[in-house]
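All residue numbers for the sequence shown refer to the numbering used here, where the first residue is 84 and numbers rise by one. Quick reminder that beta carbons are idealized off the backbone N, C-alpha and C, glycines included. Data block below; observations after.
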Amino acid sequence: MLNIKGEHISLRALEPSDLDFLYQLENDTSIWEISGTLKPYSKKVLQLYLDNAHRDIYEVKQLRLCICDTKDTCIGLIDLFDFDPKHQRAGVGIVIADQENRDKGLGKEALTLLCNYAFKVLDLHQLYANILEDNQKSIHLFENLGFEKIGVKKEWIRTSSGFKNEIMFQKINSNVS
């Protein structure tokens, strides 16, 4: 079972007991804009997802981990997606569920742990992230951890208030050949 420990948080594999947290987070319409969600998820669909969450990243090309506090309470999720072992790259996504857990360095610690895992264990050469241009906190987080802005996808995401630009960030691990 995958469990990566930091000072204030740990990253662990999804467990069956995470169903209610996953249900709440996936159906939070305030984050649908960044997740690309268009309709609510049922508990049945999410249970099927949890039943298959143990599958290997090399098989399903993604890895979703719970960000847990020191009491093993899930406070967010962090993902590797579009995993490409041939080209040694993957996308990264992160969400801290409740406002009260944001701006405390927990996202930074989680992203640091995930980057270290991706570069040292999975032997990836690069990670990338797509962030809406008005999400200044996420932009700051990724830039603070060495992700560089490499481009802007103009009017990329359609929202209720119109189209938004999406910025692409990339972090290259110079220790991998």
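_Buried or exposed (CB count within 10 angstroms, at least 16 for buried), S113_ = exposed
_Unbroken stretches of the alpha helix (DSSP H), 4 residues or longer, contained in the segment 206-245_ = 219-227
*Just reading off the beta strand (DSSP E) that L97 is part of, what are its end residues?*
No beta strand (DSSP E) holds L97; DSSP gives it neither H nor E.
*Check whether G174 and L210 have beta carbons under 9 Å apart*: yes
*Count the other C-beta atoms from every protein chain shown that fall within 10 angstroms of the C-beta of D101, then say buried if there are 16 or more, exposed otherwise.*
Counting Cβ neighbours within 10 Å, D101 comes out buried, since at least 16 surround it.
*Please determine, among Q171, T156, Y200, D167, the residue with the shortest C-alpha to C-alpha distance to N184.*
For N184, the closest alpha carbon among the candidates Q171, T156, Y200, D167 is that of T156.
*asked:* Looking at N218: is its Cβ nearer than 9 Å to the Cβ of M251?
replied: no
*For L129, is the classification buried or exposed, using 16 other Cβ atoms within 10 angstroms of its Cβ as the cut-off for buried?*
buried
_Less than 9 Å between the C-beta atoms of G176 and D167, yes or no?_
no
_Could you tell me the alpha carbon to alpha carbon distance between K144 and Y132, rounded to whole angstroms?_
14 Å
_Considering only their Cβ atoms, is the gap separating F202 from N256 smaller than 9 Å?_
yes
*Indicate whether K254 and G234 have their beta-carbon atoms separated by less than 9 Å.*
no
*Identify the continuous alpha helix (DSSP H) that holds I140 and give its terminal residues.*
Its alpha helix (DSSP H) spans residues 140-143.
*Quick one: residues in its chain with C-beta nearer than 7 Å to the C-beta of M84, no 5 flanking neighbours on either side, listed in chain order?*
Because the pLDDT at M84 is just 49, under 50, the model does not fix this residue reliably, and the value given afterwards should be weighed accordingly. Correct list, in chain order: A96.
*Spatial neighbours of I107 within its chain, please: CB distance less than 8 Å, with the 5 preceding and 5 following residues excluded, ordered by chain position.*
According to the sequence as given, residue 107 is Gln; it is not Ile. Within the same chain, A180 come within 8 Å of Q107 by CB-CB distance, once the 5 residues on both sides are set aside.
*asked:* When you compare the CB positions of I92 and L196, do they come within less than 9 Å of one another, or not?
replied: yes
*According to the Cβ coordinates, are R241 and H208 closer than 9 Å?*
Using a Cβ distance threshold of 9 Å, R241 and H208 do not count as a contacting pair.
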